[in-house]
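Structure first, then comments.
In this note's numbering, the protein residues as written are 11 to 165.
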């Protein structure tokens with residue numbers, strides 16, 4: 011009498027484990043990609059909120075908020091941002107910048123921007139990809155500068 015085979019062979023188990031390993035690695039890479047996309051969208055939303063707050067401050071006071079250190083919300087923007095808004099996030103740090111050329115003042119040649127600094131270059135690259143040609147920005151290393159007001163006073 012011939013007895014039926016019970017269980018799986020080593021080769022069958024190895025093939026199943028290999029296929030499951032490949033599927034798991036694809037899922038992990040997709041998760042990491044989606045995480046970077048979500049952080050990019052959050053940072054772009056922060057840029058837009060800061061831009062609107064800056065213009066609100068300009069329209070109400072006639073001056074642009076003064077420069078503040080990295081991770082610090084400028085006092086001139088605080089009333090126009092949502093409660094609890096912070097410039098220091100786990101994945102990146104924001105820095106409000108007033109770029110004034112030598113001899114320039116608050117009007118002639120002044121540029122305003124928000125600098126995003128992150129040690130995660132993939133995050134800034136994903137942001138640059140999302141911003142595309144829609145917004146004025148430049149990317150240098152791990153720093154992405156979102157221009158709010160250009161040298162000509164426009165966006």
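Think of the CB as a built atom: it goes at the ideal place given N, C-alpha and C, for glycine as much as any other residue.
(message) Tell me which residues share the same chain as residue 103 and place their Cβ nearer than 8 angstroms to its Cβ, disregarding the 5 neighbours each side in the sequence.
(response) One-based indexing of the chain shown puts residue 103 at position 93. 80, 81, 97, 126, 127, 128.
(message) Could you check whether the region 39–55 touches the region 133–141, counting it as contact only if at least three pairs of C-beta atoms, one from each stretch, sit closer than 8 angstroms?
(response) Taking 8 angstroms as the limit for Cβ pairs, the verdict is that the region 133–141 does touch the region 39–55.
(request) Work out the CA separation of residue 60 and residue 148 for me, nearest whole Å. (result) The residue you call residue 148 lines up with position 138 of the chain shown. The residue you call residue 60 lines up with position 50 of the chain shown. Straight across, the Cα-Cα distance linking residue 148 with residue 60 is about 17 angstroms.
(request) Compute the beta-carbon to beta-carbon distance between residue 95 and residue 124, rounded to the nearest angstrom, for a pair I have assumed lies under 8 angstroms. (result) Within the chain shown, numbered from 1, the residue matching residue 95 stands at position 85. Within the chain shown, numbered from 1, the residue matching residue 124 stands at position 114. Contact check for residue 95 and residue 124: beta-carbon distance about 12 angstroms, past the 8 angstroms limit, so the pair fails to qualify.
(request) Check residue 103 in the structure and name its three-state DSSP category. (result) Mapped onto the chain shown, residue 103 falls at position 93. Note: residue 103 maps to strand in three-state DSSP.
(message) Tell me which residue opens and which closes the alpha helix (DSSP H) that residue 20 is part of.
(response) Along the chain shown, read from residue 1 onward, the residue named residue 20 stands at position 10. That run of the alpha helix (DSSP H) goes 20–71.
(message) Can you tell me where the beta strand (DSSP E) holding residue 149 begins and where it ends?
(response) To locate residue 149, count along the chain shown from 1; it is residue 139. Note, residue 149: beta strand (DSSP E), 147–150.
(message) For residue 162 and residue 93, what's the separation of their Cα atoms in angstroms?
(response) Residue numbering aside, residue 162 sits at position 152 when the chain shown is read from its first letter. Residue numbering aside, residue 93 sits at position 83 when the chain shown is read from its first letter. In this prediction, residue 162 has a pLDDT of 49, which is less than 50 and means its spatial position is unreliable; nothing more can be read from the coordinates.
(request) If I'm right that residue 138 touches residue 122 with Cβ under 8 angstroms, what's the distance once you round it to whole angstroms? (result) For the purposes of this step, residue 138 is identified with residue 128 of the chain shown, where counting begins at 1. For the purposes of this step, residue 122 is identified with residue 112 of the chain shown, where counting begins at 1. Not really, about 20 angstroms apart at Cβ, beyond 8 angstroms.
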